[in-house]
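The listed protein sequences correspond, in order, to chains W and D. Sequential numbering from 1 applies to the first sequence in the working numbering. Sequential numbering from 327 applies to the second sequence in the working numbering. Report on one structure; see the data block that follows.
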Amino acid sequence: MNLKKLTGSREFLLFIIVIAMFAIVSVVNPVFFSFNAVTDMLKNNAVTLVMALGMLGVMLVGGIDISITSTLALSGMTIGMLLKYNHISSTLLAFVIAIAIGTACGALVGLLISRAGVPPIIASMGFMYIYRAMGYLISNGGEWASAAALGSFKNFGTDKLLGLSKVIWIIIVCYIVFFFVMKWTRIGRQVYAVGSNAEAAEVSGIKVKNIKLMVHTVMGFLAGLAGALQVAVYASAMPNMAQGGEMDVIAACVIGGVSMSGGRGSVIGALLGALIMAMIPKALPLLHIDALWQNMIKGVMILAVVVINVILQRIAQRNALARREM
Amino acid sequence: MAGKSGRSINNVPESPIKKLIFGWEGILILVFIGVNIFCKWFSEYYNMFNLLRQMPVYLAEVFLMLVMAFILVMGEIDISVGATVCLAATMACIASNAGIPFPLVILITLLVGTCCGLINAVILTNFSELPPMIVTLSTQIIFRGIAEIVLGSGGSISVANTAGFKAISRKIGSVPLILFLVIILAVFAAIVLGRSTFGRKVYAIGTNRLAARYSGVAVQKIRFIIYTLMGTAAGLCALFMVASSYGANTTTGTGFEMDAIAMAVFGGISSTGGKGNMIGGIISAFIIVCLRIGLGQRNVNGQVILLIIGVLLIAAVALPNILGSLKKAVKK
């Protein structure tokens, strides 16, 4: 990769933005420039960071999934209730159960989308209602599993391994695995192929339906994992947790340059997008901006990013045309 | 491409009555009757009097469905309407508390909604490459963000002078005013979508946007009008939301966009564009309203009702597709 390609890429631009945001906030308020502050920020946004990966896969094939935070609530609430009533006590088992539930949920959404031909937004909208309600029913109609009820499970949120929180290790592992799979394996390239041109991919022997099923199953897997992480990090489980969070995940991907029409986007982009989304609420109070402004600024940023992107593309196209005419 | 329901631009015209009975609308009417029988059996309070009394709260969302149907027929989506309702309801409360005469309050509320719709419309028509989902996702966050800023740390506001809002939630005989308004607007929307050149053009855009453009349909102008009207409908919805609760908070209107989409899609309006008609949407809206009232009367939790709506929604879209592919498999 030559230098020009590097500096012209979307990821490079985002990287500069992340560094600039970090630098500005650190200068204004040095508290932010510390190992603890950064790891805290990562830990608190573990859910968005992890699910952004799954959403990347879904959006790469041209789909969307808005049921993910309901899946998160269902899997998180299930282990919360199991721990509360002492059916299980092992942390590992809780994680396995949460992930199994999430994977099953994701597979069901994927089956409907790939096999029954339901548009992704409709299928995931239906399941957004269904999974959220199931989470609510599992909680016996709105019970919480508080920190005291979670036993040793909540320690996972505070435990450290080699100086880093276990939660952050999970994020790192997820990103490394995804980076390799998406870039250097057959499956990863097939996902890109399906997103770029589904018919061409089908003709060239890729099973488009199976790829679509797979990305939704992986999304479910990560949503289940995120459910366990959410319960561990916040040391509580409630049926309405992370409601509306799916929009943050989608926004992170969009800021990271993942195209809604499929085929374009990268793991690094999703990471940087999620980091920007994570930094906004952290940065605003440090810059003495009222927390009330947080959402509005978030929305304006997303809008600005996508609009600027379109303008840049138009300029690039015009330049390319002008060069050809010369 | 004879779709599972309603009209599609490339359908061969057939007898409308035959289509109504054997098409999706016929099934919807059966479901409507079924739901009413079920509710009657389920709840002893389910009668005409209570139905009319409890209806206004749920009917407000039907306004959203009426315009959302146009957007879905175009093959697009608007998920910012819930937030627009929140912002418009907030502004309605503030305007009313500032002592502004009530007709002006109505005007302001509709205007706030229209402005929100206008913002969507301007962005979407000027940058037509952008997917509506992303634009309305960000404006959703922005509109609710503005409402949060306006409402301040308390996060809620209530109306001090309720006289005006009481006036619009009053009844004529035993029928609430809003029901008349819904029916009038529904008939109007059905005629525009089904029987006017404007509606025809909307179907053309949803079926093949490029072909529509080349055959002289002003695609961007039509999108502009529809997205702006979506905002106006949200303003109208906000007005009746305030009239039913005499206040607004930061969660007012949460999920309304999904409810409106669910009503339209369950009514056979395809979210991929070009298919479905308003009659289906209206019948399904009343199915959902009746279901909510009937189940709500026996204190069935709102989450469970949403679960049922979710199942109905998915079944409505998935079943025809599954049956279709089964038929194909049998024929082979």
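We treat Cβ as the ideally placed atom computed from N, Cα and C, and that holds for glycine. Because the structure is a prediction, the values reported are computed rather than measured.
**Item:** Cβ contact check for the segment 220–239 of chain W and the segment 97–113 of chain W: 3 or more pairs under 8 Å
**Value:** yes
**Item:** Continuous beta strand (DSSP E) stretch holding D/Ser484: start and end
**Value:** Working through the second sequence from its first residue, we reach residue 484 of chain D at position 158. From DSSP, the beta strand (DSSP E) with D/Ser484 extends over Ser482 to Ser484.
**Request:** Please list, in chain order, all residues of the same chain as D/Ser570 whose beta carbon is under 8 Å from its beta carbon, the five residues on each side excluded.
**Result:** Counting from one through the second sequence, the residue named residue 570 of chain D turns up at place 244. Correct list, in chain order: Pro382, Val383, Ala386 and Ser495.
**Asked** Using a beta-carbon distance below 8 Å, is D/Phe453 in contact with chain W?
**Response** In the second sequence, counting from the first residue as 1, residue 453 of chain D sits at position 127. Interface residue (Cβ-Cβ distance to chain W less than 8 Å): D/Phe453 is classified as such.
**Request:** Would you kindly report the start and end of the unbroken beta strand (DSSP E) that includes D/Ala574?
**Result:** The residue given as residue 574 of chain D occupies position 248 in the second sequence. First-last of the beta strand (DSSP E) with D/Ala574: Gly573 to Asn575.
**Asked** So, does the CB of W/Gly102 fall closer than 8 Å to a CB anywhere in chain D?
**Response** In the first sequence, the residue the question calls residue 102 of chain W occupies position 102. At a cut-off of 8 Å between beta carbons, W/Gly102 makes no contact with chain D.
**Request:** Show which residues of chain D have a CB atom less than 7 Å away from the CB atom of W/Met296.
**Result:** As a first step, residue 296 of chain W is located in the first sequence; it is residue number 296 there, counting from the start. Chain D residues near W/Met296: Ile468, Gly471, Ile472 and Ile475.
**Message:** So, with DSSP's three-state summary, where would you put W/Lys160?
**Reply:** Translated into positions along the first sequence, residue 160 of chain W becomes position 160. Looking at W/Lys160 - three-state DSSP - the assignment turns out to be strand.
**Prompt:** Looking at the C-beta of W/Met260, does it have a partner C-beta in chain D at a distance below 8 Å?
**Reply:** For the purposes of this step, residue 260 of chain W is identified with residue 260 of the first sequence, where counting begins at 1. At least one chain D Cβ lies under 8 Å of W/Met260.
**Prompt:** Where does W/Arg335 land, buried or exposed, given buried means 16+ other C-beta within 10 angstroms?
**Reply:** In the structure as shown, chain W starts at 1 and stops at 326, and residue 335 of chain W therefore has no counterpart that could be examined.
**Asked** For a contact meaning CB atoms closer than 8 Å, what does D/Ser610 contact in chain W?
**Response** Looking up residue 610 of chain D in the second sequence gives position 284. Correct list: empty, because the minimum Cβ distance to chain W is about 13 Å.
**Message:** Quick check: what's the CA-CA separation for D/Ile426 versus D/Leu433?
**Reply:** For the purposes of this step, residue 426 of chain D is taken as residue 100 along the second sequence, with counting starting at 1. For the purposes of this step, residue 433 of chain D is taken as residue 107 along the second sequence, with counting starting at 1. D/Ile426 and D/Leu433: Cα-Cα distance of roughly 11 Å.
**Message:** Between D/Ala644 and chain W, is the shortest Cβ-Cβ distance under 8 Å, so that the two count as touching?
**Reply:** For this step, residue 644 of chain D is matched to residue 318 along the second sequence. Yes, D/Ala644 lies at the interface with chain W (some Cβ there is under 8 Å from its Cβ).
**Prompt:** Among all the DSSP beta bridges, which residues are the ones paired with D/Pro502?
**Reply:** Translated into the one-based positions of the second sequence, residue 502 of chain D becomes position 176. DSSP, once it has assigned bridges, lists D/Lys497 as partnering D/Pro502.
**Asked** Hey, how far is the Cα of W/Leu312 from the Cα of W/Val306?
**Response** Walking along the first sequence from the start, residue 312 of chain W turns up at place 312. Walking along the first sequence from the start, residue 306 of chain W turns up at place 306. Roughly 10 Å separates the two Cα atoms.
**Terminal residues of the alpha helix (DSSP H) in which W/Ile130 lies** = Within the first sequence, the letter at position 130 stands for residue 130 of chain W. Looking at the DSSP string, the run of the alpha helix (DSSP H) that includes W/Ile130 is Pro120 to Ile138.
**Message:** Below 8 Å on C-beta distance, what does W/Gly110 contact in chain D?
**Reply:** If you number the first sequence from 1, residue 110 of chain W lands on position 110. Neighbours of W/Gly110 in chain D, taken as residues whose beta carbon is under 8 Å from its own, are absent, since the nearest beta carbon is some 13 Å off.
**Asked** Nearest CA to the CA of D/Ile405: which residue from D/Ile635, D/Gly581, D/Ile608 and D/Leu652?
**Response** As a working note, residue 405 of chain D is residue 79 in the second sequence. Answer by Cα proximity: D/Gly581.
**Asked** So is W/Val300 in contact with chain D if we call contact Cβ pairs under 8 Å?
**Response** Translated into the one-based positions of the first sequence, residue 300 of chain W becomes position 300. W/Val300 counts as touching chain D.
**Item:** Spatial neighbours of D/Gly329 in its chain, beta-carbon cut-off 6 Å, leaving aside the 5 residues before and after
**Value:** As a first step, residue 329 of chain D is located in the second sequence; it is residue number 3 there, counting from the start. Here the model assigns D/Gly329 a pLDDT of 44, short of 50, so the residue's position is not dependable and the matter cannot be decided.
**Item:** Contact under 8 Å by Cβ, D/Thr435 with D/Asn446
**Value:** The residue you call residue 435 of chain D lines up with position 109 of the second sequence. The residue you call residue 446 of chain D lines up with position 120 of the second sequence. Going by C-beta atoms, D/Thr435 is not nearer than 8 Å to D/Asn446.
**Partner residues on chain W for D/Ile648, Cβ-Cβ distance less than 9 Å** = Locating residue 648 of chain D in the second sequence gives position 322, counting from the first residue. Ordered by position in chain W, the residues that pass the 9 Å Cβ test against D/Ile648 are Arg115, Ala116 and Gly117.
**Asked** W/Trp293 versus chain D: which residues are under 9 Å apart at the beta carbon?
**Response** Taking the first residue of the first sequence as position 1, residue 293 of chain W is located at position 293. Neighbours of W/Trp293 in chain D, taken as residues whose beta carbon is under 9 Å from its own, are Gly471, Glu474 and Ile475 in chain order.
**Request:** Could you pull out every residue in the same chain whose Cβ sits closer than 6 Å to the Cβ of W/Leu49, ignoring the five residues on either side in sequence?
**Result:** By 1-based counting over the first sequence, the position of residue 49 of chain W is 49. Result list for W/Leu49: Ile171 and Ala274, in chain order.
**Prompt:** Nearest-angstrom Cα distance between D/Thr416 and D/Phe612?
**Reply:** By one-based count along the second sequence, residue 416 of chain D stands at place 90. By one-based count along the second sequence, residue 612 of chain D stands at place 286. Take the alpha-carbon of D/Thr416 and the one of D/Phe612: they are about 27 Å apart.
**Prompt:** In chain order, what residues of the same chain lie with their CB nearer than 8 Å to the CB of D/Phe358, ignoring the 5 residues before and after it?
**Reply:** The residue you call residue 358 of chain D lines up with position 32 of the second sequence. So the list reads Ile609, Phe612, Ile613 and Cys616, once near-sequence residues are dropped.
**Asked** Taking buried to mean at least 16 other C-beta atoms within 10 Å of its own C-beta, is W/Asn210 buried or exposed?
**Response** The residue labelled residue 210 of chain W in the question sits at position 210 within the first sequence. When all chains shown are included, W/Asn210 counts as exposed.
**Asked** Terminal residues of the continuous alpha helix (DSSP H) containing W/Gln317?
**Response** For the purposes of this step, residue 317 of chain W is taken as residue 317 along the first sequence, with counting starting at 1. From DSSP, the alpha helix (DSSP H) with W/Gln317 extends over Gln294 to Glu325.
**Request:** Using a Cβ cut-off of 8 Å (strictly closer), state whether W/Met247 contacts chain D.
**Result:** Residue mapping note: residue 247 of chain W aligns to position 247 of the first sequence, counting from 1. W/Met247 counts as touching chain D.
**Item:** Residues that W/Met279 contacts on chain D, provided the C-beta gap is smaller than 8 Å
**Value:** Counting from 1 along the first sequence, the entry for residue 279 of chain W is found at position 279. Those do not exist, as W/Met279 stays about 16 Å from chain D at its closest Cβ, beyond 8 Å.
**Asked** From W/Ala94, W/Ala23, W/Asp40 and W/Tyr129, pick the residue whose C-alpha is nearest to that of W/Ser67; which is it?
**Response** Sequence index remark: in the first sequence, residue 67 of chain W carries index 67 (1-based). Of the candidates W/Ala94, W/Ala23, W/Asp40 and W/Tyr129, the one whose C-alpha sits nearest the C-alpha of W/Ser67 is W/Tyr129.
**Prompt:** For W/Ala145, which three-state DSSP category applies?
**Reply:** Within the first sequence, the letter at position 145 stands for residue 145 of chain W. Assigned with DSSP and collapsed to three states, W/Ala145 falls in strand.
**Asked** How do the segment 194–204 of chain W and the segment 32–40 of chain W stand: do at least 3 beta-carbon pairs fall below 8 Å, yes or no?
**Response** No, they do not touch.
**Prompt:** In chain order, what residues of the segment 131–154 of chain W put their CB closer than 8 Å to some CB of chain D?
**Reply:** Arg132, Ala133, Met134, Tyr136, Leu137 and Gly141
**Message:** I'd like to know whether the C-beta atoms of W/Ile250 and W/Met81 end up nearer to each other than 8 Å.
**Reply:** For the purposes of this step, residue 250 of chain W is identified with residue 250 of the first sequence, where counting begins at 1. For the purposes of this step, residue 81 of chain W is identified with residue 81 of the first sequence, where counting begins at 1. No; because the gap between Cβ atoms is not below 8 Å, this pair is not in contact.
**Item:** Span separating the alpha-carbon of W/Ala148 from that of W/Ile121
**Value:** Taking the first sequence and counting its residues from 1, the one referred to as residue 148 of chain W is at position 148. Taking the first sequence and counting its residues from 1, the one referred to as residue 121 of chain W is at position 121. One C-alpha to the other measures close to 38 Å.
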